[in-house]
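Numbered as in this note's numbering, the sequence shown ends at 881 without a single skipped number. For every residue, glycine included, the Cβ atom is placed at its ideal position computed from N, Cα and C. Since the structure is predicted, the reported quantities are computational estimates derived from the model, not experimental observations. As structure tokens, the structure follows; a few thoughts come after it.
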Amino acid sequence: GGLVQEYDYYDKWQQAYRFLGGFIDCTHSWSEGSHDSGDNNGGDGKACSRWMMWAAYIDPNYAGGGYDEYYGDDAPGSLDCHSPDTDWKLIGVYRQEFYQYIEQISKHLWAIDDYDYIVALAGLEYMTDNECFGVGYDEQGGQLYAEVQPLEGGTFQMGLYSDEQCLYLNTQTAYTYDDFAEVSELDLGSKDQTDDDAFRAQAYEYWQDTQEYTLTNLNTVYNDYKFCTSCVDYPTYQDGYFIGDDGTDDDDLINQCWKFYSHDSFNCDADCIAMGAEQGSITWISYGGKQFGNLVDGQYSADHEASGIDGATSTSTTTSSGARKMERLKANLFLTMAGIVFVATFLAFAVARGSSKKKKSSRSRSRRLLDADYGGRDSRRAPSRSKSRSRKLASSDAKSARSSRSKSKSRSASKSVKSSRSKSRSRRSSDYEPPSSSQKKSSRSQSRSRKSSGKSSRTGSSRRREE
415 GGLVQEYDYY DKWQQAYRFL GGFIDCTHSW SEGSHDSGDN NGGDGKACSR WMMWAAYIDP
475 NYAGGGYDEY YGDDAPGSLD CHSPDTDWKL IGVYRQEFYQ YIEQISKHLW AIDDYDYIVA
535 LAGLEYMTDN ECFGVGYDEQ GGQLYAEVQP LEGGTFQMGL YSDEQCLYLN TQTAYTYDDF
595 AEVSELDLGS KDQTDDDAFR AQAYEYWQDT QEYTLTNLNT VYNDYKFCTS CVDYPTYQDG
655 YFIGDDGTDD DDLINQCWKF YSHDSFNCDA DCIAMGAEQG SITWISYGGK QFGNLVDGQY
715 SADHEASGID GATSTSTTTS SGARKMERLK ANLFLTMAGI VFVATFLAFA VARGSSKKKK
775 SSRSRSRRLL DADYGGRDSR RAPSRSKSRS RKLASSDAKS ARSSRSKSKS RSASKSVKSS
835 RSKSRSRRSS DYEPPSSSQK KSSRSQSRSR KSSGKSSRTG SSRRREE
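Below, the structure is given as structure tokens:
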């Protein structure tokens with residue numbers, strides 16, 4: 415983030431640049447203090463100018479390898495001046511007329527039949543180089559003005575405004591810039607003399623697709639230049655054609671950083687950078703020990719995607735120190751989280767084990783209490799069992815005694831029956847006399863004994879028969 419001395423000599427190959435994004439500045443117009451006597455591009459001085467903020471860097475570790483220092487499979491250097499972890503040193507930050515910045519890149523980097531070149535020219539034609547110009551009226555009859563609208567992350571589009579300084583977007587209208595701007599005819603420059611109808615048909619399709627108010631294709635083509643780019647245009651073109659034989663001779667190479675600086679660029683100090691950061695339209699940069707803007711995808715690494723003509727993407731093989739540090743940070747974070755999970759699991763296991771021991775001890779105590787309780791019941795049951803046994807024996811004895819008594823009674827009853835039979839026989843021979851009261855009682859008792867011991871007398875008689 416520190417600034418190096420601008421007046422020191424640095425090899426052109428150790429220099430690089432990137433753009434941070436567009437911003438609006440009402441204190442400086444395009445016509446003030448330009449490095450090349452540029453004019454206000456048809457403006458009346460009332461508009462708030464649109465500027466592109468860009469930064470230049472040098473590589474303090476440059477080893478003198480030229481082109482091979484940063485390109486090729488085994489390149490020792492890394493074009494990662496966009497990364498917060500870069501070793502590149504900041505030379506300075508600058509503001510350039512927005513239209514001029516887009517145009518300068520288009521002039522020296524692509525061949526006339528390159529998709530990027532066609533899109534760049536179509537986008538420039540559609541946005542025009544005019545500042546805040548009237549285009550029509552909204553639904554209520556209010557004047558509408560058009561101008562470049564800087565967006566977050568260094569992107570941009572064409573916006574419609576309600577004031578002549580193009581500060582206040584008209585958010586009520588359903589119109590867009592497309593409703594007023596006309597799609598222009600294909601124009602690739604004065605040197606476009608090709609008779610290839612197939613190429614012209616394809617180029618015209620690209621041209622038309624680019625000319626819409628979001629400028630999506632133009633943003634895609636210029637996205638790569640938000641990342642670290644060598645100041646040397648290799649090979650170098652001029653309006654779509656090589657300079658020299660193949661644009662690679664050392665005398666034919668153009669230093670793009672010098673092109674920017676010499677065409678309507680000015681120093682952009684901390685207040686200027688803060689203005690763009692406040693508008694939320696520039697990417698991250700460290701300047702004088704302070705941080706400005708917002709990080710974008712790929713800014714921590716040199717591995718960012720580059721879009722081609724067919725929509726395919728190619729990725730640089732160079733890995734920056736920022737990417738390595740990010741990977742180390744992710745690894746450390748993973749180990750920390752794993753350690754926390756392990757400790758939490760161990761504590762949960764220890765608590766569960768302690769609670770299970772407490773449950774076992776309480777169960778053993780309850781078992782001992784139950785055993786003691788069952789032992790007391792057994793001791794109480796023992797005498798009761800002996801008592802029941804004695805009762806059973808007593809009852810059996812009583813039954814045997816009753817049985818013997820019944821036997822004796824039956825015998826005596828049988829004898830009395832015999833005697834009565836003998837008496838009755840004798841009485842039949844004599845006169846009948848009524849029985850006395852004592853005899854009635856004796857006969858009643860005998861009948862009772864017969865009824866109660868009917869079964870036993872039968873048993874006894876059967877036994878006597880067997881004997």
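Query, Result
"Buried versus exposed call for Glu483 [16 or more other C-beta atoms within 10 Å across all chains shown]", "buried"
"Distance CB(Gly435)-CB(Ala470) smaller than 8 Å", "no"
"For Phe763, three-class secondary structure by DSSP", "helix"
"Pick from Ser443, Tyr481 and Ser497 that is closest to Glu511, judged by C-alpha positions", "Ser443"
"Whole-angstrom distance between Phe641 and His496, CA atom to CA atom", "5 Å"
"Per DSSP, cross-strand counterpart(s) of Ala470", "Tyr431 and Gly506"
"Residues near Cys686 in its chain [Cβ-Cβ closer than 7 Å; skip 5 each side]", "Arg509"
"Beta-carbon gap between Lys503 and Ile472 smaller than 8 Å", "yes"
"Enclosing beta strand (DSSP E) for Phe594 [first to last residue]", "Here Phe594 belongs to no beta strand (DSSP E), and DSSP marks it neither H nor E."
"C-alpha gap between Pro649 and Gly661, whole angstroms", "5 Å"
"Extent of the continuous beta strand (DSSP E) run through Tyr476", "Run containing Tyr476: none; DSSP gives neither H nor E here."
"Own chain, CB closer than 6 Å to Ser817, minus 5 neighbours either side, in chain order", "Residue placement at Ser817 is flagged as unreliable, the pLDDT there being 47, under the threshold of 50; the coordinate-derived value follows with that caveat. If we look at Ser817 and ignore the five residues flanking it on each side, it has no Cβ neighbours."
"Neighbourhood of Gln557 by C-beta distance below 7 Å, restricted to the same chain and skipping five residues each side", "Gly548 and Tyr551"
"Where the alpha helix (DSSP H) containing Ala544 begins and where it ends", "Residue identity differs from the one stated: residue 544 is Asn in this sequence, not Ala. Per DSSP, Asn544 belongs to no alpha helix (DSSP H) and is neither H nor E."
"Thr590 vs Asn633 beta-carbon contact at 8 Å", "no"
"Per-residue burial, Gln713 [other beta carbons within 10 Å of its own, 16 or more giving buried]", "buried"
"CA nearest to the CA of Asp499, picked from Gly768, His522 and Trp698", "Trp698"
"Backbone secondary structure at Phe641 - three-state DSSP", "coil"
"Given Glu599 as reference, the closest of Leu709, Glu545, Gly537 and Val765 once Cα atoms are compared", "Gly537"
"Unbroken alpha helix (DSSP H) run spanning Tyr675, endpoints", "Gln670 to Ser676"
"Nonlocal neighbours in the same chain, by C-beta distance under 6 Å from Ile657, ignoring five residues either side", "Thr650 and Asp666"
"Bridge partners - Ala560, DSSP secondary structure assignment", "Phe547 and Leu574"
"Inter-residue Cα distance where the pair is Gln514 and Ala752", "53 Å"
"Contacting residues, own chain, Cβ-Cβ under 8 Å from Tyr582 (five flanking each side not counted)", "Tyr575 and Ser576"
"Buried or exposed by the 16-neighbour rule on C-beta atoms within 10 Å, applied to Leu602", "buried"
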